[in-house]
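See below for the structure under consideration.
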Amino acid sequence: MLVRIAHWVFVVFLGLIGLYLTLAGGGLIYLGGSWYYLIAGIATLVVVVSMVRRQAFAPQVYAGIVIITVLWSVYESGLDFMALLPRLAAWLVVGLWFFTPWYRATLAKRYGQSGPPKFRALLGGASLAGAALLTIGALQGYEHRGTGTVHTDALANSDVTDWRQYGGTDGGSRFAAIDEINLETVSGLEEVWRFRTGVEDDFKMTPLQVDGRLFICAARNVVIAIDDSTGEEIWRFDPEAEPAATHQYARTCRGLSYLEAPEDYEGRCSTRIAMSTIDARLMAINAETGALCGDFGDGGAVDLRRGMGPHAPVDYYHTSPPLVAGDVLVVGGLVNDNQMLGLPSGVIRAFDAITGEFAWAWDMGDPDDRAEATDDDPYTRGTPNVWSVMSYDPEIDLIYAPTGNAGPDYFGGVRRPFDDQYSSAVIALDAGTGDERWTFQTVYHDIWDYDVPAQPVLVDVEKGGERIPSIVISTKQGELFLLDRRDGTPVHPVEERPVPQGPPEGEHLSPTQPFSSLPNFHPYMHEKDMWGLTPLDQLLCRIEYRTMRYEGLYTPPMPGLGTLITPNNFGGFNWGSVSVDADNGLLVAAPMMLANRIMLVTPEQVAEAGPQAALLLGDHPAVRTDPDAPIEDPGPPDQNDPFDYRQIKYYGLTLPLMSRFMYPPFGNTQVPCFEPPFGQIAVIDLNTGELMWKRSAGSMKQSGPFAWRMGLPFQVGTPIRAGTMTTRGGLTFLSSTMDSTVRAYNVRTGKVEWSADLPGNGQSTPMSYVSPTDGRQYMIVTVPNPSWRYPRDPANGTYTDSRSAKDGLGGYVIAYALAEDE
Numbered sequence: 001m002l003v004r005i006a007h008w009v010f011v012v013f014l015g016l017i018g019l020y021l022t023l024a025g026g027g028l029i030y031l032g033g034s035w036y037y038l039i040a041g042i043a044t045l046v047v048v049v050s051m052v053r054r055q056a057f058a059p060q061v062y063a064g065i066v067i068i069t070v071l072w073s074v075y076e077s078g079l080d081f082m083a084l085l086p087r088l089a090a091w092l093v094v095g096l097w098f099f100t101p102w103y104r105a106t107l108a109k110r111y112g113q114s115g116p117p118k119f120r121a122l123l124g125g126a127s128l129a130g131a132a133l134l135t136i137g138a139l140q141g142y143e144h145r146g147t148g149t150v151h152t153d154a155l156a157n158s159d160v161t162d163w164r165q166y167g168g169t170d171g172g173s174r175f176a177a178i179d180e181i182n183l184e185t186v187s188g189l190e191e192v193w194r195f196r197t198g199v200e201d202d203f204k205m206t207p208l209q210v211d212g213r214l215f216i217c218a219a220r221n222v223v224i225a226i227d228d229s230t231g232e233e234i235w236r237f238d239p240e241a242e243p244a245a246t247h248q249y250a251r252t253c254r255g256l257s258y259l260e261a262p263e264d265y266e267g268r269c270s271t272r273i274a275m276s277t278i279d280a281r282l283m284a285i286n287a288e289t290g291a292l293c294g295d296f297g298d299g300g301a302v303d304l305r306r307g308m309g310p311h312a313p314v315d316y317y318h319t320s321p322p323l324v325a326g327d328v329l330v331v332g333g334l335v336n337d338n339q340m341l342g343l344p345s346g347v348i349r350a351f352d353a354i355t356g357e358f359a360w361a362w363d364m365g366d367p368d369d370r371a372e373a374t375d376d377d378p379y380t381r382g383t384p385n386v387w388s389v390m391s392y393d394p395e396i397d398l399i400y401a402p403t404g405n406a407g408p409d410y411f412g413g414v415r416r417p418f419d420d421q422y423s424s425a426v427i428a429l430d431a432g433t434g435d436e437r438w439t440f441q442t443v444y445h446d447i448w449d450y451d452v453p454a455q456p457v458l459v460d461v462e463k464g465g466e467r468i469p470s471i472v473i474s475t476k477q478g479e480l481f482l483l484d485r486r487d488g489t490p491v492h493p494v495e496e497r498p499v500p501q502g503p504p505e506g507e508h509l510s511p512t513q514p515f516s517s518l519p520n521f522h523p524y525m526h527e528k529d530m531w532g533l534t535p536l537d538q539l540l541c542r543i544e545y546r547t548m549r550y551e552g553l554y555t556p557p558m559p560g561l562g563t564l565i566t567p568n569n570f571g572g573f574n575w576g577s578v579s580v581d582a583d584n585g586l587l588v589a590a591p592m593m594l595a596n597r598i599m600l601v602t603p604e605q606v607a608e609a610g611p612q613a614a615l616l617l618g619d620h621p622a623v624r625t626d627p628d629a630p631i632e633d634p635g636p637p638d639q640n641d642p643f644d645y646r647q648i649k650y651y652g653l654t655l656p657l658m659s660r661f662m663y664p665p666f667g668n669t670q671v672p673c674f675e676p677p678f679g680q681i682a683v684i685d686l687n688t689g690e691l692m693w694k695r696s697a698g699s700m701k702q703s704g705p706f707a708w709r710m711g712l713p714f715q716v717g718t719p720i721r722a723g724t725m726t727t728r729g730g731l732t733f734l735s736s737t738m739d740s741t742v743r744a745y746n747v748r749t750g751k752v753e754w755s756a757d758l759p760g761n762g763q764s765t766p767m768s769y770v771s772p773t774d775g776r777q778y779m780i781v782t783v784p785n786p787s788w789r790y791p792r793d794p795a796n797g798t799y800t801d802s803r804s805a806k807d808g809l810g811g812y813v814i815a816y817a818l819a820e821d822e
């Protein structure tokens with residue numbers, strides 16, 4: 001009886017699969033896609049019919065499906081393990097039924113106890129071929145082309161052993177010019193202490209280290225100083241900053257800055273920690289005591305809302321550290337990233353680093369006026385903002401500010417000329433006066449939310465026998481631009497290329513966009529690149545691909561079924577930026593390879609959607625809060641009012657491109673709809689512009705179908721939350737892959753030289769220093785509690801991983817050092 005039940009359960013199961021593949025496969029052909037799924041579906045139904053009739057050739061037909069699948073898989077994917085996995089694994093697992101005694105028992109009455117005639121050789125051979133391909137493919141995913149330039153003299157400062165600024169240096173190199181931990185010794189690296197912050201939630205901060213102390217900034221701007229050799233707390237400062245919203249960015253402190261007063265300073269706050277807060281204050285904290293510096297601003301703080309005009313607190317706040325540029329502190333500000341007009345200004349301002357007095361302002365809407373604005377006459381509203389981290393070159397006294405795009409994010413038909421002039425760019429400003437020296441735009445008329453998210457990185461390179469002071473700009477598009485930081489001219493060529501056209505009504509596009517000649521990380525996606533856990537997911541994702549508009553990078557967002565955007569508005573590169581081997585001009589990149597669907601909707605559609613639209617659009621006037629209320633005609637837009645939202649013809653709804661195939665009883669299992677890697681690490685020689693190596697970053701050990709943690713070591717490439725840190729010891733460290741692991745890579749070869757498990761997925765870049773207390777080199781990693789996952793929860797905008805339990809002890813600061821000799 002049980003055998004009969006099992007037989008019919010399997011028959012029904014296989015029949016449903018065959019029916020789905022046949023019907024959906026026919027739909028894919030109608031859309032211009034692959035014929036494989038229809039053929040596989042029909043063949044599966046033939047297997048089902050033969051099993052119902054208890055015919056012996058069912059395994060042979062199934063073996064034929066496997067053989068065809070193997071050949072088709074190799075044709076489309078080569079030997080890429082993660083590409084082969086959804087194509088082959090499910091067929092191999094299901095095919096095991098034909099080797100069981102229960103299957104043979106269903107045929108016993110017809111063929112005797114020996115079962116059907118010879119089939120094991122055919123099906124077994126096909127299955128072994130598929131399994132062999134998966135095994136071979138699992139060993140792929142690494143590309144090595146060379147070891148790059150080796151300079152005989154060190155270009156970087158050889159005397160720096162601390163970590164005084166967010167990116168280690170004023171120019172954000174994330175390069176530790178120390179080498180006690182090196183290729184020969186790194187295997188002896190071990191955890192020596194860990195500190196718990198006592199602050200839960202977001203923890204993206206890379207610590208500072210000066211004079212035997214680590215300075216960290218947890219969620220809600222809680223600043224803590226700890227001993228850099230023991231991890232013992234020295235002091236704690238809580239500014240009692242209240243988040244203006246519940247989402248993660250409103251709690252974030254990405255970093256701090258350190259500065260020293262001039263020699264003639266007579267106050268009690270000669271060494272300072274500078275911080276910008278989530279409630280828009282610029283604060284100076286005594287690095288020795290943790291008390292506010294009373295001679296700075298008003299009792300230790302400057303109100304950064306001054307001159308911004310009326311606005312909701314959630315519309316303007318700070319998450320990035322202020323920039324120390326000579327004798328001034330320079331700040332931008334995070335302007336609410338949504339689709340409204342009339343938001344606060346993206347003005348860049350400078351304040352005296354000791355007194356907090358206003359020094360100058362650079363307002364994109366009025367770039368010649370350096371004066372401080374008032375609330376009655378505020379800075380130009382709605383301009384592109386500098387929410388990320390700036391850099392500074394003290395030798396030429398230039399500030400490099402990365403800008404976002406002006407709102408609305410996905411419709412640019414209402415933008416002003418200066419919005420388009422300064423959106424998604426790096427602007428070089430004179431630190432003493434605020435005068436603009438040069439601007440380089442990475443996207444023209446950005447309607448993809450491709451703002452420059454990463455700190456520009458300063459590095460010297462050699463080209464044609466000349467040493468060139470350069471700056472690297474890493475973008476969400478996965479582009480890397482290398483410019484002469486003195487005047488903004490390209491060091492390696494930048495080419496204007498035609499891009500897709502045909503925007504929706506009321507929109508316009510640039511006919512060309514700038515493309516760097518350096519290696520990039522935005523490959524063109526084809527139908528064969530769609531992915532999933534099984535052929536069922538992959539088929540559904542292929543249908544989604546065929547229904548969207550996609551013509552490569554810069555395909556415009558469209559109404560209807562929308563547009564495929566890859567890389568998506570999370571990157572490519574994001575705020576983690578890149579690091580460099582500053583001695584040799586080598587760049588270490590850790591980009592993400594993610595994709596989104598963007599759909600443009602009209603104001604009328606938004607109004608009809610009601611409160612549900614607020615989850616994606618935010619608190620917007622077009623959202624109907626009462627679904628039963630009649631839709632009122634807002635009337636014609638006021639063309640003389642630049643902030644009349646009625647001028648907006650479209651709003652953009654954007655979601656990660658995920659497979660949402662239902663697997664009862666496991667619920668909706670979400671995996672990306674496109675092939676891994678979802679994150680990579682690579683090294684580029686900036687002197688020659690050549691890719692040295694690249695490989696997937698992050699394994700499957702913390703992931704798997706149905707939220708299982710499979711523990712598999714395969715380096716598939718997971719989303720990456722932050723960046724890399726490189727050292728003079730020939731190593732680069734990465735700790736923010738989604739597999740709770742910190743790794744040390746050989747800069748020259750890409751080999752993983754060392755790794756350690758973490759208590760969660762990191763969200764920040766590692767750092768390193770030599771402690772003046774004991775002379776040891778330490779490497780520091782921070783991890784939030786709870787951890788994060790991708791994609792974020794659309795209900796509350798968080799990336800919290802529910803599998804990471806809150807224990808009330810807050811995030812982790814973990815220190816590693818070489819084992820001491822016994």
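Quick note: the sequence shown uses the numbering used here, first residue 1, plus one each step.
Where is the CB? At the ideal position from N, CA and C, for every residue including glycine.
Span of the beta strand (DSSP E) around residue i
{"i": "Glu544", "result": "It is not in any beta strand (DSSP E) - Glu544 instead sits in the alpha helix (DSSP H) that spans 535–547."}
{"i": "Phe237", "result": "233–237"}
{"i": "Arg272", "result": "271–276"}
{"i": "Lys649", "result": "Counting along the chain, Lys649 falls outside any beta strand (DSSP E), and DSSP gives it neither H nor E."}
{"i": "Ile471", "result": "466–474"}
{"i": "Ile565", "result": "563–565"}
Beta-carbon contacts of residue i that lie in its chain and below 7 Å, excluding the five residues immediately before and after
{"i": "Ser50", "result": "Phe57, Ala58, Val61"}
{"i": "Ala83", "result": "Ser77, Glu675"}
Outcome for residue i when other beta-carbon atoms lying within 10 angstroms are tallied against a minimum of 16
{"i": "Thr319", "result": "buried"}
{"i": "His311", "result": "buried"}
{"i": "Phe481", "result": "buried"}
{"i": "His522", "result": "buried"}
{"i": "Thr206", "result": "buried"}
{"i": "Pro665", "result": "Per-residue confidence for Pro665 stands at a pLDDT of 45, beneath the threshold of 50, marking its modelled position as unreliable; no derived number is given."}
{"i": "Pro394", "result": "exposed"}
Extent of the continuous alpha helix (DSSP H) run through residue i
{"i": "Phe81", "result": "81–95"}
{"i": "Leu483", "result": "First-last for Leu483: 480–484, but that is the beta strand (DSSP E), not the alpha helix (DSSP H)."}
{"i": "Phe13", "result": "2–30"}
{"i": "Phe418", "result": "417–422"}
{"i": "Thr439", "result": "It is not in any alpha helix (DSSP H) - Thr439 instead sits in the beta strand (DSSP E) that spans 436–441."}
{"i": "Trp72", "result": "58–77"}
Own chain residues within Cβ distance below 6 Å of residue i, not counting five before or after
{"i": "Pro772", "result": "Gly212"}
{"i": "Gln777", "result": "Ile178, Glu180, Ile181, Val770"}
{"i": "Ala324", "result": "It should be pointed out that residue 324 corresponds to Val in this sequence rather than to Ala. Around Val324: Ser257, Leu259."}
Helix, strand or coil at residue i according to DSSP, with G and I counted as helix
{"i": "Thr44", "result": "helix"}
{"i": "Thr106", "result": "helix"}
{"i": "Pro498", "result": "strand"}
{"i": "Thr512", "result": "strand"}
{"i": "Trp531", "result": "coil"}
{"i": "Glu191", "result": "strand"}
{"i": "Ala756", "result": "strand"}
{"i": "Ala815", "result": "strand"}
{"i": "Gln680", "result": "strand"}
{"i": "Ile39", "result": "helix"}
Spatially closest choice to residue i from the options, by CA coordinates
{"i": "Val330", "options": "Gly346, Gly652, Asn336, Val186", "result": "Gly346"}
{"i": "Ser787", "options": "Lys204, Val52, Tyr20", "result": "Lys204"}
{"i": "Ile17", "options": "Asp685, Ile447, Ile681, Asp537", "result": "Asp537"}
{"i": "Ala274", "options": "Ile216, Ile234, Ile65", "result": "Ile216"}
{"i": "Ala756", "options": "Asp366, Val66, Leu655, Glu190", "result": "Glu190"}
{"i": "Ile720", "options": "Gly762, Pro766, Leu691, Glu690", "result": "Gly762"}
Close-in-space but distant-in-sequence residues of the same chain around residue i (CB under 8 Å, 5 per side omitted)
{"i": "Val747", "result": "Asp581, Leu586, Val588, Val683, Thr726, Gly730, Leu731, Thr732"}
Contact with chain B by residue i, beta-carbon distance below 8 Å
{"i": "Val671", "result": "Within the model displayed, chain B is absent; a lone protein chain is all it includes."}
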